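*Asks:* Heads up: the sequence shown begins at 26 in the working numbering, then just goes up one per residue.
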Amino acid sequence: MEDNEKSDENVEQEIKEETPIEQKNMFSQQISGTNIEILLDIPLEVSVELGRTKMIIKDLIQLGPGSIIELDKLIGEPVDLLVNDNLIARGEVVVFDENFGVRITDIVTPAERLKSLR
């Protein structure tokens, strides 16, 4: 009878050990689809940077209508596509229905993205 009790205890122990893992897997599967849905609706700030320059305060104060600011990029050079101020791609400026747009020409590699975060 002791053997039966021990085997029952072993079976019970095995069930207890397997149950949390099975529950975790089921729970993970249920929320993985939900997590993706939540992430897909997060708004992000997307901006395009034509170029940069440095100015002294005196020159900044003197800016007015018609002033021209020289940037560090040449005509035809790719512009930077930033998401939440992080570089993710480069592209060329295009006109789309009387609005400016960007045609993506290069996606930044994950290594470059990590480098820009530092």
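Backbone N, C-alpha and C fix where the C-beta goes; we use that ideal spot for every residue, glycine too. All figures in this text were calculated on a predicted structure; none of them were measured in a lab.
Rounded to whole angstroms, what's the CA-CA distance from Ile129 to Val73? Just pull it up for me.
*Replies:* Taking the sequence shown and counting its residues from 1, one reaches residue 129 at position 104. Taking the sequence shown and counting its residues from 1, one reaches residue 73 at position 48. Rounded to the nearest whole angstrom, the C-alpha separation of Ile129 and Val73 is 11 Å.
*Asks:* Within the same chain, show all residues whose beta-carbon is closer than 7 Å to that of Gly116, passing over the 5 residues directly before and after it, in chain order.
*Replies:* Numbered from 1 along the sequence shown, position 91 holds the residue referred to as residue 116. Cβ within range, chain order: Pro103, Val104, Leu106, Val127, Arg128, Ile129, Thr130.
*Asks:* Compute the Euclidean distance between the alpha carbons of Lys41 and Asn60, then round it to the nearest angstrom.
*Replies:* Position 16 of the sequence shown, counting from 1, holds the residue named residue 41. Position 35 of the sequence shown, counting from 1, holds the residue named residue 60. Bear in mind that a pLDDT of 49 at Lys41, under 50, signals an unreliable position, so the number given afterwards is only what the model happens to contain. Distance between the alpha carbons of Lys41 and Asn60: 28 Å.
*Asks:* Go through the region 53-92 residue by residue and report every complete run of the alpha helix (DSSP H) that reaches 4 residues or more, in order.
*Replies:* 82-86
*Asks:* CB-CB under 6 Å to Asn124, same chain, minus the five flanking residues each way: which ones, in chain order?
*Replies:* Position 99 of the sequence shown, counted from the start, is the residue given in the question as residue 124. Excluding positions up to five away in sequence, the list is empty.
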